[in-house]
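Participant:
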Amino acid sequence: MSHASIIAPATPRLRPAAPVPHTHTPTTIRFLVDLARNPIEAFGEYAYHEAYVYKRSVIRHLLMVNDPEGVRHILLDNASNYVKSDQAVKRVRPVAGNGLLTAEGASWKFQRRTAAPIFQMRRVAGFAPDMTVATQALLSRWGALAEGSVIDIGEEMMRLTFDIISRTVFSNELTTEYGKIAHSMASYLDNLGRITILDVLGLPGWVPTPARMRARPAISFFRHELGALIDRRREKLLRDPANVPDDLLTLLLTAKDPEEGALVSADEIYDNVSTFVLAGHETTANALTWTFYLLSQFANHDATLASEVRGTLKTDGATAEDVASLVFTRAVIEEAMRLYPPAPVFARDSIGADKVGPHEIEPNTAIMIAPWVIHRHRKLWDAPEYFLPERFAPGAREKINRFAYLPFGGGPRICIGMAFAMQEAIVILSTIAQRYRLELVADQKVEPLARITLRPRYGLKMKLVKR
Numbered sequence: 000m001s002h003a004s005i006i007a008p009a010t011p012r013l014r015p016a017a018p019v020p021h022t023h024t025p026t027t028i029r030f031l032v033d034l035a036r037n038p039i040e041a042f043g044e045y046a047y048h049e050a051y052v053y054k055r056s057v058i059r060h061l062l063m064v065n066d067p068e069g070v071r072h073i074l075l076d077n078a079s080n081y082v083k084s085d086q087a088v089k090r091v092r093p094v095a096g097n098g099l100l101t102a103e104g105a106s107w108k109f110q111r112r113t114a115a116p117i118f119q120m121r122r123v124a125g126f127a128p129d130m131t132v133a134t135q136a137l138l139s140r141w142g143a144l145a146e147g148s149v150i151d152i153g154e155e156m157m158r159l160t161f162d163i164i165s166r167t168v169f170s171n172e173l174t175t176e177y178g179k180i181a182h183s184m185a186s187y188l189d190n191l192g193r194i195t196i197l198d199v200l201g202l203p204g205w206v207p208t209p210a211r212m213r214a215r216p217a218i219s220f221f222r223h224e225l226g227a228l229i230d231r232r233r234e235k236l237l238r239d240p241a242n243v244p245d246d247l248l249t250l251l252l253t254a255k256d257p258e259e260g261a262l263v264s265a266d267e268i269y270d271n272v273s274t275f276v277l278a279g280h281e282t283t284a285n286a287l288t289w290t291f292y293l294l295s296q297f298a299n300h301d302a303t304l305a306s307e308v309r310g311t312l313k314t315d316g317a318t319a320e321d322v323a324s325l326v327f328t329r330a331v332i333e334e335a336m337r338l339y340p341p342a343p344v345f346a347r348d349s350i351g352a353d354k355v356g357p358h359e360i361e362p363n364t365a366i367m368i369a370p371w372v373i374h375r376h377r378k379l380w381d382a383p384e385y386f387l388p389e390r391f392a393p394g395a396r397e398k399i400n401r402f403a404y405l406p407f408g409g410g411p412r413i414c415i416g417m418a419f420a421m422q423e424a425i426v427i428l429s430t431i432a433q434r435y436r437l438e439l440v441a442d443q444k445v446e447p448l449a450r451i452t453l454r455p456r457y458g459l460k461m462k463l464v465k466r
């Protein structure tokens, strides 16, 4: 397909599901209450017009940064002055430990440079066959269903991306029944995934709140299941290294710091494997879920994508070589992540005083960067609330400010698995589009809910329609 054909025929404008920003200016307490309920509902219309929103309070000063240059300053130019926010770390550390997602300083630098070779494009391309085989297995299961069957696409994508993680990280040695994984993941996010006023006020992580108590079984489950598998692989590396699977777990267990030659510690191995499994499959599954929702609402874009897939894929399923040619497919996914960023809000804490844009800030100022807002900002995007994949067509994509589009973060801490996730999403979407289009059921209520990641609050029931 030529690049020119990336623009689909025009259809009447439809605003995809999203909260309508309120028009009042909330008090700090009201803002925190809204953040706890659903963070993306806390931002009023003012946030989508202003470059900076600075809230001073007796609790803590908060600076919301929507200006790409301010975001660049925090994430790149003066990144050493901004650490992961304490409240965000409290929500993810119980499962991510001190891995790449939460580590700071020398520990983070060591882990990052040691793990970076694992995610080089050459290695990532080698995982494409596993991604395709897993997607074909999903399609075989769908093929056994009656014509017009209804599925929850969110649940299906979670199951599929978990299967891919199981294949690529563990060579299918993770035998835990997926239903138990899904239940534990939902329990963890429902209880520790929300921002609470107590967290903002600095409640220590060791205080046994009801939410933390309810999340403990899920945390114990992850540690037991993943810990046992890592121990078995480490033992096999010692006993029979020639027959150890060449997967991400083996690569992580044998990776050495390119500067100092040190291996990753046992705790860091567990923390990063946990991060890959839980964060890796969750974010990609959500991105795909929202992509299928959007395609169900825009028949012209769905038809253009199907046409590209038919003209590109020469086999049953996508290959690593196909990924670069699927230009419109990539644009659809990128635009879906603009409207529904997998991580809709993230935060930093300032270490020292600094100037961000026009604002002089003090040490320990809370910095909020909300891709949900930045991706819909009225000063940064034309028609920001509408689904327009042509924004990411070749020639247009290059004009987007790097720090106005943040589905994977930015700066030194940009998601290390970005290439893996994009390849996975393109392989899955194109392979499914070969056989099916999905239609949203008529009575499905669609509401995005932010709980660390961005999920549909009520699931997404869709009807399978064979092409």
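Mapping to numbering that gives the first Met the number 0: the sequence shown position 59 is 58, numbers consecutive. Cβ coordinates follow ideal geometry from the N, Cα and C atoms, glycine included. All figures in this text were calculated on a predicted structure; none of them were measured in a lab.
Using alpha carbons as the reference points, say which of A335, L173 and T167 lies closest to G416.
Facilitator: If we check each option's Cα against that of G416, T167 comes out closest.
Participant: Should H280 go down as buried or exposed, given a rule of 16 or more other Cβ atoms within 10 Å for buried?
Facilitator: Classification of H280: buried, given that the 10 Å Cβ count is 16 or more.
Participant: Closer than 8 Å by C-beta to L325: which residues in its own chain qualify, once you throw out the five before and the five after it? Chain order, please.
Facilitator: Hits under 8 Å: E307, V308, T311, A317, I425 and S429.
Participant: Evaluate the contact criterion for the region 259-276 versus the region 435-448: three or more CB pairs, one atom per stretch, below 8 Å.
Facilitator: Contact fails: fewer than three Cβ-Cβ distances are below 8 Å.
Participant: Would R158 and Y187 be called neighbours here (beta carbons separated by less than 7 Å)?
Facilitator: Going by C-beta atoms, R158 is not nearer than 7 Å to Y187.
Participant: Just tell me which of F109, P447 and V445 has its CA closest to the CA of L251.
Facilitator: Taking only the C-alpha atoms, the option nearest L251 is F109.
Participant: So the candidates are R396, N242, H374 and K398; which of them puts its Cα closest to the Cα of V70?
Facilitator: Considering only alpha carbons, the answer is H374.
Participant: Do you know offhand how far R59's Cα is from I399's?
Facilitator: So the two alpha carbons sit approximately 33 Å from each other.
Participant: Give the single residue among D151, D266, R329 and L338 whose Cα lies nearest to the Cα of P370.
Facilitator: Among D151, D266, R329 and L338, the Cα nearest to that of P370 belongs to L338.
Participant: Within a Cβ cutoff of 8 Å, which residues of the same chain sit near G351, ignoring the five residues on either side of it in sequence?
Facilitator: For G351, where only same-chain residues beyond five positions count, the Cβ hits under 8 Å are N80 and P362.
Participant: Can you tell me where the alpha helix (DSSP H) with D270 in it begins and where it stops?
Facilitator: Where D270 is concerned, the enclosing alpha helix (DSSP H) stretches over A265 to Q296.
Participant: With distances taken from CA atoms, which of T24, L99, R466 and V64 is nearest A302?
Facilitator: Checked all of T24, L99, R466 and V64; the closest Cα to A302 is R466.
Participant: Looking only at its chain, what residues have a beta carbon closer than 7 Å to the beta carbon of L100, apart from the 5 residues adjacent to it on each side?
Facilitator: Here the set comprises V91, T274 and A278.
Participant: Buried or exposed for T364, please, with buried defined as at least 16 other CB atoms from any protein chain shown within 10 angstroms of its CB.
Facilitator: By the 10 Å Cβ count, T364 comes out buried.
Participant: With three or more C-beta pairs closer than 8 Å as the rule, is the region 400-407 touching the region 125-134?
Facilitator: With a cut-off of 8 Å, the region 400-407 and the region 125-134 do not count as touching, because too few Cβ pairs lie within range.
Participant: Mind listing, in chain order, the continuous alpha helix (DSSP H) runs of no fewer than 4 residues lying wholly within the region 25-52?
Facilitator: As far as the region 25-52 is concerned, its whole alpha helix (DSSP H) runs of at least 4 residues are 27-36.
Participant: Less than 7 Å between the beta carbons of A284 and A127, yes or no?
Facilitator: No, the pair does not count as a contact, with Cβ atoms beyond the cut-off.
Participant: Whole angstroms is fine: what's the gap from S1's alpha carbon to P393's?
Facilitator: Low confidence applies to S1: its pLDDT is 40, below 50, so where it sits in the model is not reliable, and the reading given next is rough at best. If you take the alpha carbons of S1 and P393, they lie about 10 Å apart.
Participant: Go ahead and pull the three-state DSSP assignment for I117.
Facilitator: Correct three-state label for I117: helix.
Participant: Where in the region 322-384 do unbroken runs of the alpha helix (DSSP H), each at least 4 residues long, occur, reported from the N-terminal end onward?
Facilitator: Qualifying alpha helix (DSSP H) stretches, in chain order: 326-338 and 370-373.
Participant: Tell me whether G151 sits in a helix, a strand or coil according to DSSP, three-state version.
Facilitator: Strictly speaking, residue 151 in this sequence is Asp, with Gly absent from that position. Three-state result, D151: strand.
Participant: Using three-state DSSP, classify G226 as helix, strand or coil.
Facilitator: Of the three classes helix, strand and coil, the one that applies to G226 here is helix, per DSSP.
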